[in-house]
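Heads up, the thing below is written out as structure tokens.
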Amino acid sequence: SASEKKTYIVHVEKSRMPATTDYHLQRFESSLRQVSDTAEMMYTYTNAAHGYSTRLTEAEAVALSSQAGILSVLPETRYELH
Amino acid sequence: TTRTPSFLGLDRTPDAFPESESESDVIVGVLDTGVWPESKSFDDKGMGPVPSTWRGTCQTGSNFSASSCNRKLIGAQYFSQGYEAVVGSFDESHESKSPRDGDGHGTHTASTAAGSPVEGASLLGYAPGTARGMAPKARVAVYKVCWTGGCFSSDILKAIDKAIEDNVNVLSLSLGGGMSDYYRDSVAIGAFAAMERGILVSCSAGNAGPAAFSMSNLAPWITTVGAGTLDRDFPAVASLSNGKKYYGVSLFRGASLPQGLIPVVYAGNATNVTSGNLCMTGSLNPEKVKDKIVLCDRGVNARVQKGAVVKAAGGVGMILANTEANGEELVADAHLLPATAVGQKSGDAIRDYVVSGSNPAASILFEGTKLNIQPSPVVAAFSSRGPNGITPEILKPDMIAPGVNILAGWSGGVGPTGVASDTRRVEFNIISGTSMSCPHVSGLAGLLKGAHPEWSPAAIKSALMTTAYVSYKNGQRLQDVATGKPSTPLDHGAGHVDPVSALNPGLVYDLTTEDYLGFLCALKYTPSQISLVARRNFSCDKTYSLSDFNYPSFAVIFKTGPETNAAGSPSSEPVVRKHTRTLTNVGPPGSYKVTIASDAPEVKISVEPEVLTFSKPNEKKSYTVTFSAGSMPSDTNRFARIEWSDGKHVVGSPVSFSWS
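Sequences listed follow chains A and B, in order. Take the first sequence: its letters are residues 39 to 120, numbered as in this note's numbering. Take the second sequence: its letters are residues 924 to 1583, numbered as in this note's numbering.
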């Protein structure tokens, strides 16, 4: 359904601002709050990627992906053992 | 791994990898199903203090405490938020919310990469010997990202994020998720960041072979590993009442079949359901299989599950027949009842005999462990194959390594077959897959990192690739079990890994982060896509060419239609492709001469210059290869090999030509 939430990995453009953890978190939080009051960050990524993962509805994901500074909102992928 | 060290030559040349402390400074991170810390493969006897570079932790959780780690298993963490978000609450009666491995796969891969030597290892007496990882002195850091419901990208990306922070040197990922562009693939994105930090990322190619375009983990900054066999087998012969014998394999240990010949029935004739020939759960009619050997066709459900189904229905034995999908590939399993797996040809013959004969009967003779099986290695049928479905200009897989019937450590929480009814518990298990070949290369990369701490991930990968072999000692080419014919670079990449030669490759094809950024530019990635993969703004401000990307192999693409000349008219002239490479000297001064071996008479190949002379360490020299060819039918593939040699070192590169 439209209200069903799925996991997304949100890749955020890296800012030229100082790379402090607090700054990153504030920036991530601020972008997320603009599309959802309830969504919470599951993980933040600082080394392997620049962004976070969260649970969003499809509409929220679309809204987030159109925000400035958001590079991509990628749906969760399931990998399998080989 | 009671056989792979000797198969790879590691035991015959102990001086090649000197007893140095540098290997013990290497940390191999394994993203998998966790670890069984009590496995003897993680015994830390004789190991020195944990490397000062290590920043990771030993995370506690259900049935896993800080004391579960030691100087061998220096880190263990789990990442479950992505998984939990999908499945809801954890069923802790089913799986541990901790780094503990309830599956076995993670313990197997971690011990294959860097397990301590364990004497007297075997699976139920099969494959006896000393089991050891490829880098036995290296440290292991486990990142549990795979759960009973799968491995989720948000967890995987966080684990890579943490592994980078923890300062691992090698990352081993025996998992994959199909084929998607690099900027959509969390493993590719995370691996790029790891590469930048000097971490070699080794991934399995996948088990979707022998179909073409079946690989995953295709990014050029990843080392992609296919699977080959060992020179070891576990024969179990099916003898029929018509006097014919058919060779199969099995790891069954237990009460033998009754003496003499036993009635045998084809599962397809002992069922009332469609696909009953596959021995699916509940599909067999007990009245028709009781006290009989059942012939089941391979496919759909797990091989060992079929044995459990036969046993549950009252059968006393099983012959498991390959179909066209698997051909002659034989994968041994620790079945729950006397069983043997036979190839397609044998399976067809046995099926004909069983369904057309009157009172068909058979017996199965288990012959144990046989060594020195030749030819070996052969490319496993299941090993995923090229061409590269994302970037055809990059040849994948990069190499093959042992991945069939590999013995390594196992979880104490599950039987060797993994099926619920298997109550046996074993310290070691024998399983197959590119999951098993990947950690072989991860461990070998750790060995090289220990020997050459200054080498980049690309240099280590180059050393492993350019020294890989493509022919047997008798000069015959490596074979592909899927066809019974010589394998090609689309099957085996640069060839089968040869770690002793890789230690001293002479020359390497090195690559820096800038080179990989140039690669992304050559792919015409948008600034946003580049930023996604590389976490930075990068301007593609010059002309970039995939043909000049300094990869250790060549994939040359020709178009099938007539190319146009300068005037825009169809040209009848041969199409010319020029590829430039740069070699870096990591050996003594020397003069290297090029030789070309080609199976492609349609392609003219020339190299300029033909001799490269290196007078000092780290000196770089470039060369250009010109390939010219006319039109060929679409999907035609041809192959060649370019080798540089100073008489002592051979620096080989496979070449694939594709017309599309």
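Glycine included, C-beta positions come from ideal geometry on N, C-alpha and C.
Comparing alpha-carbon positions, the option among B:S1162, B:F1175, B:R1176 lying closest to L1184 (chain B) turns out to be B:S1162.
Straight-line measurement puts the Cα of V1456 (chain B) at about 7 Å from the Cα of F1115 (chain B). Contact holds between the region 1315 to 1335 of chain B and the region 1384 to 1404 of chain B, because three or more Cβ pairs, one in each stretch, are under 8 Å apart.
Per DSSP, the beta-bridge partners of N1352 (chain B) are B:A1331.
At a cut-off of 7 Å between beta-carbon atoms, D1084 (chain B) makes contact with chain A.
The beta carbon of T980 (chain B) lies closer than 7 Å to those of G998, Q1000 in the same chain, with the five residues before and after it left out.
A1159 (chain B) is not a Cβ neighbour of V1148 (chain B), given a cutoff of 7 Å. Not a single CB atom of chain A sits nearer than 7 Å to the CB of S1468 (chain B).
Sequence-distant Cβ neighbours of K1060 (chain B) in its own chain, meaning closer than 7 Å and more than five residues away, are E946, S947.
One thing to note: A1244 (chain B) has its Cβ no nearer than 7 Å to the Cβ of G1205 (chain B). For S1568 (chain B), the secondary structure class from DSSP, reduced to helix, strand or coil, is strand. Using a CB distance cut-off of 7 Å, F1305 (chain B) does not count as an interface residue toward chain A. When beta bridges are read from the DSSP output, T45 (chain A) appears opposite A:R93. Within the model, the alpha-carbon separation for D1014 (chain B) versus I1079 (chain B) is close to 21 Å.
Identification of chain A residues near V1009 (chain B) by a Cβ-Cβ cut-off of 9 Å yields K44, T45, E114, R116, ordered along the chain. From the beta-carbon of E961 (chain B), no residue of chain A is found nearer than 8 Å; the closest lies around 22 Å away.
Under a criterion of Cβ atoms nearer than 9 Å, the residues of chain A adjacent to N1130 (chain B) are, in order, H120. Close to chain A, meaning a Cβ-Cβ distance shorter than 7 Å, are the following residues of the region 1055 to 1088 of chain B: C1069, G1073, C1074, F1075, S1076, S1077, I1079, L1080, K1081, I1083, D1084, I1087, E1088. Interface residue (Cβ-Cβ distance to chain A less than 7 Å): A1111 (chain B) is not classified as such. Taking a beta-carbon distance threshold of 7 Å, A87 (chain A) counts as an interface residue toward chain B. When DSSP reads this structure, E1531 (chain B) sits in a beta bridge with B:T1547. Close to Q1228 (chain B), with beta-carbon spacing below 9 Å, lies no residue of chain A; the smallest spacing is near 17 Å. For the set B:E961, B:K1482, B:M970, the Cα lying nearest the Cα of S988 (chain B) is the one of B:E961.
Taking a Cβ-Cβ threshold of 7 Å, the residues of chain B close to H49 (chain A) are L1455, in chain order. Taken atom to atom, the span from the alpha-carbon of V1509 (chain B) to that of F1136 (chain B) is near 34 Å.
Under DSSP, A1161 (chain B) shares a beta bridge with B:Y1169, B:I1287.
The Cβ atoms of V1041 (chain B) and K963 (chain B) sit closer than 7 Å to each other. Contacts with chain B at 7 Å (Cβ-Cβ) do not include L63 (chain A). For L1253 (chain B), same chain residues with a beta-carbon under 7 Å away, outside a window of 5 residues either side, are G1171, V1172, A1264, G1266 in chain order. Taking the Cβ atoms as the reference, A1050 (chain B) lies roughly 5 Å from T925 (chain B), within the contact range of under 8 Å.
Between the region 1280 to 1297 of chain B and the region 1007 to 1026 of chain B there are fewer than three C-beta pairs closer than 8 Å, too few to call the two in contact. Judged by DSSP in its simplified three-state form, M1241 (chain B) adopts strand. Proximity of the region 1439 to 1451 of chain B to the region 1466 to 1476 of chain B meets the contact definition, three or more beta-carbon pairs being nearer than 8 Å.
For S1557 (chain B), the nearest beta carbon of chain A is not closer than 7 Å to its own beta carbon.
Taking 8 Å as the Cβ-Cβ cut-off, the region 88 to 109 of chain A approaches chain B at H88, S91, R93, L109, given in chain order.
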